[in-house]
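As you go down the protein sequences, you meet chains A and B in turn. Oh and the first sequence: position 58 is 49 in this note's numbering, straight run, nothing missing. To convert, take the position in the second sequence, counting from 1, and add 111; that gives this note's numbering. For each residue, glycine too, the CB sits at the ideal point set by N, CA and C. Note that this is a predicted model, so its numbers are computed, not measured. Reading through the structure tokens given below for one structure.
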Amino acid sequence: MVEQLDQQRRSILKGAISASTLALVAASGLLIPQQLLAHWPTDAFNAETVEDALLALLGEAEIADDAALNFKVGSPPSYAINGASVPIQIQSSLKSIERIAVLVEKNPFPLVMSLDLTSAVKLPFKSMIKIREDSQVMAIIRADGKLYKTSRFVEVDIGGCG
Amino acid sequence: MGLPRKDRLRAKLKSEDTTVRVLLSHPMHTGRAKNKAEQLIPAEFIQDIRCWRNDEEVLTIKCGTATAKNPYFSFQLVGGKQGDNITLRWVDNLGAKGKAETVVK
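Have a look at this one:
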């Protein structure tokens, strides 16, 4: 019995040691992207609904709709032929923006990108995203601890997530 | 990975703010597309992009699979002057890394 316990303890110890070595190796910047990128919010990016993604990324999903945040007209367009690259442009008059999230409601994984801004960054922010099918495209900003949202319905001819 | 990858980074001073434009060269496979032999192409996409201005980190972009192929970004930095160094680094989900540098014009 005692021996068995000992065995168990040994394997637990071994596990702990190998875990810590792994952490060390990862910290030294050599190995395994998953560990290197521990700060990449896997939960948020793998969430399959908008609410889950927001909860995982921002810790809340309560949103104040606000006119202070805008998609620029035509970007995203209300109709896109190719869903594989749809231009978006985010403009806002809000000050002290901490984080911007871009989501496409009907994508397999709604969260497209998440930006962490410092005070040195100024909008507009432009980029290109993929959209699988006709869907709401949303931008959500956290500024001063509050969330602001804007969205636009985009129709696509060819889905871009295949 | 046939062609050599080339990331482009441009920074220009425009009415006292710096406009930065980024065009990375990356396939951004989502992991759901199939090749001609009907096999899934494994996921390969940029996860993390960081941007510095003169050693000061200014922006972090975290991407999911739904960022378009050859990702394009554009944003502005408050103030700045000609000759500022803009540096950008990215890492993808397989651990490949890239770096681009430019000087504000």
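Have a look at Asp159(B), Asp166(B), Thr129(B) and Pro182(B) and flag the residue whose alpha-carbon is nearest the alpha-carbon of Pro138(B).
Here residue 138(B) refers to the residue found at position 27 of the second sequence. Answer by Cα proximity: Pro182(B).
Starting from Glu42(A), follow the alpha helix (DSSP H) in both directions and report where the run begins and ends.
For this step, residue 42(A) is matched to residue 51 along the first sequence. Taken as a continuous stretch (DSSP letters only), the alpha helix (DSSP H) holding Glu42(A) covers Val41 to Leu49.
Using the C-alpha atoms, what's the distance from Gln158(B) back to Arg90(A)?
Against the first sequence, residue 90(A) aligns to sequence position 99. Against the second sequence, residue 158(B) aligns to sequence position 47. Whole-angstrom Cα-Cα distance: 16 Å.
If we ignore side chains and look at the alpha-carbon of each, how far apart do Arg121(B) and Ser185(B) end up?
Within the second sequence, numbered from 1, the residue matching residue 121(B) stands at position 10. Within the second sequence, numbered from 1, the residue matching residue 185(B) stands at position 74. Rounded to the nearest angstrom, the two C-alpha atoms are 10 Å apart.
For Glu146(A), which residues does DSSP report across the bridge?
Start at 1 with the first residue of the first sequence, and residue 146(A) comes out as number 155. Tyr70(A), per the DSSP bridge assignment.
Note down, in chain order, every chain A residue with its Cβ under 8 Å from the Cβ of Val189(B).
Counting from 1 along the second sequence, the entry for residue 189(B) is found at position 78. Ordered by position in chain A, the residues that pass the 8 Å Cβ test against Val189(B) are Ser110, Ala111, Val112 and Lys113.
Quick one: grab the DSSP three-state call for Asn165(B).
Residue numbering aside, residue 165(B) sits at position 54 when the second sequence is read from its first letter. Asn165(B): coil per DSSP, three-state reduction.
Against chain A, with Cβ distances strictly below 9 Å, would Thr178(B) count as a contact?
Locating residue 178(B) in the second sequence gives position 67, where the first residue counts as 1. Chain A, which has a Cβ nearer than 9 Å to the Cβ of Thr178(B), makes this yes.
What is the DSSP secondary structure of Asn98(A), reduced to helix, strand or coil?
Counting from one through the first sequence, the residue named residue 98(A) turns up at place 107. In the structure shown, Asn98(A) sits in coil (DSSP, three-state: anything other than H, G, I, E or B).
Any beta carbon of chain B sitting closer than 9 Å to that of Leu106(A)?
For the purposes of this step, residue 106(A) is taken as residue 115 along the first sequence, with counting starting at 1. It does; some Cβ of chain B falls within 9 Å.
Which ranges does the beta strand (DSSP E) cover as unbroken runs of at least 3 residues, wholly within the segment 119 to 164 of chain B, from first to last along the chain?
119 to 125, 128 to 134 and 157 to 164
Find the residues of chain A that neighbour Ser126(B), judging by a C-beta separation of less than 7 Å, and give them in chain order.
Sequence index remark: in the second sequence, residue 126(B) carries index 15 (1-based). By Cβ distance, chain A contributes nothing, its closest Cβ being about 11 Å from Ser126(B), past 7 Å.
Just curious, the alpha helix (DSSP H) that Asn37(A) is in, first and last residue?
By one-based count along the first sequence, residue 37(A) stands at place 46. That run of the alpha helix (DSSP H) goes Thr33 to Asn37.
Measuring alpha carbon to alpha carbon, tell me which residue in Ser126(B), Leu124(B) and His140(B) is nearest Leu205(B).
Counting from 1 along the second sequence, the entry for residue 205(B) is found at position 94. Answer by Cα proximity: His140(B).
Determine the direct distance from the alpha carbon of Ser136(B) to that of Lys117(B), and round the result to whole angstroms.
For the purposes of this step, residue 117(B) is taken as the residue at position 6 of the second sequence. For the purposes of this step, residue 136(B) is taken as the residue at position 25 of the second sequence. Distance between the alpha carbons of Lys117(B) and Ser136(B): 6 Å.
Count the other CB atoms within 10 Å of the CB of Leu122(A); is the residue buried (16 or more) or exposed (fewer)?
Here residue 122(A) refers to the residue found at position 131 of the first sequence. First, the amino acid is wrong: residue 122(A) is Ile here, not Leu. Buried, since its Cβ has 16 or more Cβ neighbours within 10 Å.
Taking the alpha-carbon of Leu114(A) as reference, which of Gly209(B), Leu199(B), Asn196(B) and Leu170(B) has the nearest alpha-carbon?
Here the question's residue 114(A) lines up with position 123 in the first sequence. Closest option to Leu114(A), Cα to Cα, is Leu170(B).
Distance cutoff 9 Å, beta carbons only. Does Lys173(B) sit that close to anything in chain A?
As a first step, residue 173(B) must be located in the second sequence, where it is residue number 62. With respect to chain A, the C-beta atom of Lys173(B) has a partner C-beta closer than 9 Å.
Would you call the segment 77 to 97 of chain A and the segment 128 to 137 of chain A touching, i.e. three or more CB-CB distances under 8 Å?
With three or more CB-CB distances shorter than 8 Å, the segment 77 to 97 of chain A counts as touching the segment 128 to 137 of chain A.
With distances taken Cα to Cα, identify the nearest neighbour of Phe144(A) among Glu124(A), Ala92(A) and Leu138(A).
Your numbering for residue 144(A) matches position 153 in the first sequence. Considering only alpha carbons, the answer is Glu124(A).
Give me, in chain order, the residues of the same chain whose beta-carbon lies closer than 7 Å to that of Asn165(B); leave out the 5 immediate sequence neighbours on both sides.
In the second sequence, residue 165(B) corresponds to position 54, counting from 1. Result list for Asn165(B): Asp195 and Asn196, in chain order.
Spatial neighbours of Arg119(B) within its chain, please: C-beta separation below 6 Å, excluding the five flanking residues on both sides.
For the purposes of this step, residue 119(B) is identified with residue 8 of the second sequence, where counting begins at 1. So the qualifying residues of the chain are Leu134.
Who are the Cβ neighbours of Gln193(B) in its own chain at under 7 Å, not counting the five residues just before and after it?
By 1-based counting over the second sequence, the position of residue 193(B) is 82. So the list reads Leu124, Val215 and Lys216, once near-sequence residues are dropped.
Between Val77(A) and Ala44(A), what straight-line distance do the alpha-carbon atoms span, to the nearest angstrom?
Counting from 1 along the first sequence, the entry for residue 77(A) is found at position 86. Counting from 1 along the first sequence, the entry for residue 44(A) is found at position 53. Each residue's Cα considered, the two are about 21 Å apart.
Against Lys121(A), what residues of chain B qualify as contacts under a CB-to-CB distance less than 9 Å, listed in chain order?
Position 130 of the first sequence, counted from the start, is the residue given in the question as residue 121(A). Those within 9 Å of Lys121(A) in chain B are Met139, Thr141, Thr176, Ala177, Thr178, Ala179 and Lys180.
Is the CB-CB distance between Thr109(A) and Glu168(B) below 9 Å?
Here the question's residue 109(A) lines up with position 118 in the first sequence. Here the question's residue 168(B) lines up with position 57 in the second sequence. Going by C-beta atoms, Thr109(A) is nearer than 9 Å to Glu168(B).
Throw me the rounded Cβ distance for the Leu46(A) and Ala92(A) pair, which I believe falls under 8 Å.
The residue given as residue 46(A) occupies position 55 in the first sequence. The residue given as residue 92(A) occupies position 101 in the first sequence. In fact, because the Cβ distance is near 12 Å, the residues do not count as touching under 8 Å.
To the nearest angstrom, how far is the alpha carbon of Gln105(B) from that of Pro32(A)?
What is shown of chain B runs 112 to 216, which leaves residue 105(B) out entirely.
Just to confirm before moving on: does the CB-CB distance between Leu138(A) and Gly175(B) stay below 9 Å?
Within the first sequence, the letter at position 147 stands for residue 138(A). Within the second sequence, the letter at position 64 stands for residue 175(B). No; because the gap between Cβ atoms is not below 9 Å, this pair is not in contact.
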